[in-house]
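According to the UniProt record's numbering, the sequence shown holds residues 1 to 260 in order.
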Amino acid sequence: MAVHDSSAGRVTCLTDGAMSFAPEVFAALPEAERDALLAAAGESEIRTEFNCFLLEQPGAAPVLIDAGCGPLFGDKGGALAGQLAERGIAPEAVEKVIFTHLHRDHVGGALDGDAAVFPNAEIIMLDVERDFWQGKTDQPGGVLIAAYEGRIRTVSDGDEILPGVHAWHLPGHTPGHMGLRIGDDLVIVADILHAELLQLPHPEVSSIYDTDGAQGAETRRAALAEIADNDLVYCGGHQLGPQKFGRLRRAGQGFEKVAP
């Protein structure tokens with residue numbers, strides 16, 4: 001279990017599931033370079049994990065950041081519900097869920113078909129993201145908006161969502177893709193990275209899942225530079241364990257991860 005204690009509360013990374021990406025997901029990276037990076041790390045596949053976060057602040061109910069795949073990825077995901085239960089957190093006790101964006105591997109755990117899993121939760125997302133998915137009920141993002149109608153609060157870039165927790169607009173993966181600045185030293189970067197082994201040394205490489213790959217690459221490079229230059233601790237939606245949290249330093253034209 002990966003935990004970071006920030007000045008705004010304790011953040012625990014919960015892994016909802018795992019899978020491997022096909023090489024075509026990072027088609028912009030030459031095959032020889034991809035294979036060399038994987039081999040240097042002792043890997044044969046482009047592994048990824050689906051991360052959610054539990055934010056615990058003094059005197060407040062736990063806050064969930066993203067909800068994982070739920071049943072949408074079959075046996076590759078859906079572990080979040082059990083992890084919450086192990087901590088004595090029933091769905092009814094979740095009062096707030098912050099969504100970094102509304103892709104299926106982030107919203108699936110908040111849906112039971114087209115019904116809400118968290119009956120008492122306020123749902124928080126960037127205004128741009130809500131507007132992008134509104135009415136698209138053939139997509140999990142649109143289903144989530146409909147399921148939680150009347151309980152959605154939208155925020156804008158820089159807004160304080162909770163004490164010490166601020167919205168950070170990181171567009172490209174989706175138009176309203178959002179990171180979080182938590183306390184003085186921690187940032188949740190959501191899906192600016194899908195495969196650290198490939199994208200830290202090559203931040204110009206976007207995945208095929210980005211709505212706007214060029215904007216995603218620009219966002220990624222700027223965010224990674226801010227993390228490295230300000231000695232911030234970071235984690236996101238797809239970092240591998242066991243140590244999910246880390247810091248960055250510049251390395252050539254890219255970055256490398258170091259212990260937090």
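C-beta atoms are modelled at their ideal positions from N, C-alpha and C, and glycine is treated no differently.
Inter-residue Cα distance where the pair is residue i and residue j
| i | j | result |
| --- | --- | --- |
| Gly241 | Ala2 | 8 angstroms |
| Gln57 | Ala259 | 24 angstroms |
| Thr137 | Glu24 | 28 angstroms |
| Gly197 | Val233 | A quick correction: the sequence has Leu, not Gly, at residue 197. Distance between the alpha carbons of Leu197 and Val233 is about 18 angstroms. |
| Met125 | His173 | 15 angstroms |
| Cys52 | Ala40 | 28 angstroms |
| Thr15 | Glu122 | 22 angstroms |
| Gly254 | Phe21 | 22 angstroms |
| Gly176 | His166 | 15 angstroms |
Helix, strand or coil at residue i according to DSSP, with G and I counted as helix
| i | result |
| --- | --- |
| His177 | coil |
| Phe73 | helix |
| Phe26 | helix |
| His166 | strand |
| Gly17 | strand |
| Ala39 | helix |
| Ile227 | helix |
| Val107 | helix |
| Ala222 | helix |
| Ala85 | helix |
| Ile145 | helix |
| Asp112 | strand |
| Phe245 | coil |
Check whether residue i and residue j have beta carbons under 7 angstroms apart
| i | j | result |
| --- | --- | --- |
| Gly109 | Leu144 | no |
| Asp184 | Ser7 | yes |
| Thr12 | Leu54 | yes |
| Val187 | Arg181 | yes |
| Leu102 | Trp133 | yes |
| Gly82 | Gly68 | no |
| Thr154 | Asp127 | yes |
| Ser206 | Ala195 | no |
| Arg220 | Pro203 | yes |
| Pro62 | Ile89 | yes |
| Ala115 | Ala93 | no |
| Arg104 | Leu72 | yes |
| Val117 | Pro91 | yes |
| Leu193 | Ile227 | no |
Cβ neighbour criterion (16 or more within 10 Å) applied to residue i
| i | result |
| --- | --- |
| Asn230 | exposed |
| Asp75 | exposed |
| Arg250 | exposed |
| Arg87 | exposed |
| Gly141 | buried |
| Glu31 | exposed |
| Gly70 | buried |
| Gln239 | buried |
| Gly113 | exposed |
heavy atom of the ligand FMN below 6 angstroms from residue i C-beta
| i | result |
| --- | --- |
| Thr154 | With respect to small molecules bound, the structure shown includes none, and the ligand FMN cannot be examined in it. |
Beta carbon proximity, residue i to chain D, threshold 7 angstroms
| i | result |
| --- | --- |
| His101 | You won't find chain D in this structure, because it holds only one protein chain. |
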